[in-house]
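Its first residue numbered -15, the sequence shown is counted upward by one per residue in this note's numbering.
Even glycine gets a Cβ: it sits at the ideal position worked out from N, Cα and C.
Notes for the one structure printed next.
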Amino acid sequence: MEELLTRTQEREEHSQGQVQQEADQAMATRLQAAAWVQRGQLHHPAGLSVQKISRGIDQKGILANRVAVVTGSTNGIGFAIARRLAQDGAHVVVSSRKQQNVDRAVAALQEEGLSVMGTVCHVGKAEDRKRLVAMALQHCGGIDFLVCVAGVNPLVGSTLGTSEQVWDKILDVNLKSPVLLLSQLLPHMEKRGRGAVILVSSLAAYMPRVELGVYNVSKTALLGLTKTLSLELAPKNIQVNCLVPGIIKTDFSKLLYENEAVWKKFMEYYWVKRIGQPEDCAGLVSFLCSPDASYITGESIVVAGFSPRL
Ligand code: NAP
């Protein structure tokens, strides 16, 4: 009953408020654009000013009323992306393999006043993917964006020395799971008129490191997957792009940046002045979800302090 009354009231207010709402939305969009410019000027590794600036315009941000599902989002790059999408107005469903990590991430983001919820989803498990989709639909009423961050590298070693079991695990999680999840979400994304998918590859796709064997291969394949999916989904007005991070300071990359020799070589060779932070990746993903990116698809964009691509 209460819900019915609220809806009726909303309908009545709608026509009076429509003009005002459109003006508010236009203003929010302009503020958002200004915030992006400011972020560029004020950006620093800790990303603290970024957070401050975006607060206040967030609830009517450029992604307002949109719903984003982000896999592998309770830590590192995925968490920064989930936070940024929510700061920019989206309702965000966070997920990862461990319940305690989901609870911690959801609590942290809700404490910041962001609209998030979460569920356990090991992207390699069909039943978990199904639950993630069901939960997003039930609680958010639709899905606009899928950001596939979850990735693994259980083995450091050569491709030829890798067992079939490890090959399967890496390809299942890094390469197949985005496609399998997307195929379940697609009918719902189509209904929304426009959607965006962002895959997460790695600089190792362009510059394989010998010790990362099969991981290199899986991340290179994601570049191809981006191209193929972008063609398949263009007629449905769904853009598919790929984030290609360099070395970003997270638990995942500890072995690389905590190895002084590796990091020194990297900096000397590429003149990189600092290590990347998860927040360095997040703004790009928000942009790729925004209407400003509606004519960009099939792109892989390197966020590494430099780019080895022509
Ligand atoms: P991270 O800090 O270790 O975070 C990984 C996140 O993914 C956690 O929330 C983890 O939570 C979740 N996760 C791990 N396996 C999962 C699975 N099978 N299903 C669902 N969630 C899973 O790692 P990160 O550095 O942010 O890496 C994220 C992505 O960026 C990966 O695809 C990685 O290949 C890519 N990348 C990272 C770097 C870098 O330098 N950090 C560079 C290039 C590319 P649970 O433990 O609870 O599952």
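I'd like the span of the alpha helix (DSSP H) that includes residue i, first residue to last.
i, result
"Gly141", "Taken as a continuous stretch (DSSP letters only), Gly141 belongs to no alpha helix (DSSP H), as it is neither H nor E."
"Ser161", "161 to 174"
"Val246", "244 to 254"
Am I right that residue i and residue j are in contact with their C-beta atoms under 8 Å? What's the rounded C-beta distance?
i, j, result
"Tyr241", "Gly289", "That belief does not hold up - the Cβ atoms of Tyr241 and Gly289 are roughly 12 Å apart, past 8 Å."
"Gly141", "Lys175", "The pair is not a contact, with the Cβ atoms about 44 Å apart (cut-off 8 Å)."
"Cys105", "Thr143", "No, Cys105 and Thr143 are not in contact; Cβ-Cβ is about 28 Å, not under 8 Å."
"Thr204", "Val224", "Not really, about 16 Å apart at Cβ, beyond 8 Å."
For residue i, I'd like the list of residues in its chain whose CB is within less than 8 Å of its CB, leaving aside the five on either flank, ordered along the chain.
i, result
"Lys257", "Met251, Gly289"
"Arg88", "Thr58"
"Leu121", "Ile127, His172"
"Met119", "Val77, Met101, Thr103"
Whose CA, out of the options, lies closest to the CA of residue i?
i, options, result
"Val53", "Thr103, Ala110, Pro262", "Thr103"
"Ile259", "Ala266, Trp247, Val269, Gly267", "Trp247"
"Glu297", "His123, Ala188, Val198", "Here the chain covers residues -15 to 294 and nothing more, so residue 297 does not appear."
"Val76", "Ile61, Gln122, Gly145, Val100", "Val100"
"Val78", "Val194, Leu196, Asp264, Leu130", "Leu130"
"Leu227", "Glu283, Asn85, Leu139", "Glu283"
"Ile280", "Lys233, Gly97, Glu244, Ala218", "Ala218"
"Asn200", "Ala245, Ser214, Ser185", "Ser185"
"Gly73", "Leu159, Leu207, Lys44", "Lys44"
"Ala110", "Val163, Lys233, Ser237", "Val163"
"Ile231", "Ala188, Asn85, Asn221, Pro138", "Ala188"
Between which residues of its own chain and residue i is the CB-CB distance below 7 Å, once the five residues before and five after are set aside?
i, result
"Pro29", "Note on Pro29: pLDDT 25, under 50, position unreliable in the model; the coordinate value appears next. Correct list, in chain order: Arg258, Gln261."
"Phe117", "According to the sequence shown, residue 117 is Val rather than Phe. The answer, listed in chain order, is Gln168, Leu169."
"Ser202", "Ile154, Leu155, Asn158, Leu159"
"Val133", "Val54, Thr55, Gly56, Ser57, Ile61, Gly62, Ile65, Val184"
For residue i, which residues of its own chain have a beta-carbon under 6 Å away from its beta-carbon, when the five flanking residues on both sides are left out?
i, result
"Leu294", "none"
"Ala266", "Ala64, Ile65, Arg68"
"Phe271", "Ala277"
"Ala165", "Checking the sequence, you will find Leu at residue 165 rather than Ala. Counting only Cβ-Cβ distances below 6 Å, and skipping sequence neighbours, we find Arg113."
Can you find a CB in chain D that lies within less than 9 Å of the CB of residue i?
i, result
"Gln71", "Here chain D cannot be found, since the structure has a single protein chain."
Does any heavy atom of the ligand ZN sit closer than 8 Å to the C-beta of residue i?
i, result
"Ala188", "Because the ligand ZN does not appear in the structure shown, any question about it cannot be addressed here, the ligands present being the ligand NAP."
Exercise. Any chance you could list the alpha helix (DSSP H) runs of at least 4 consecutive residues sitting entirely within the stretch 176 to 241, in chain order?
Key: Under the rule that a run must span 4 or more residues, the alpha helix (DSSP H) segments found entirely inside the stretch 176 to 241 read 197 to 217, 238 to 241.
Quiz item: Considering only residues of the stretch 50 to 95, which uninterrupted beta strand (DSSP E) runs meet the minimum length of 3 residues and lie entirely inside it, listed in chain order?
Solution: Runs found: 51 to 55, 75 to 80.
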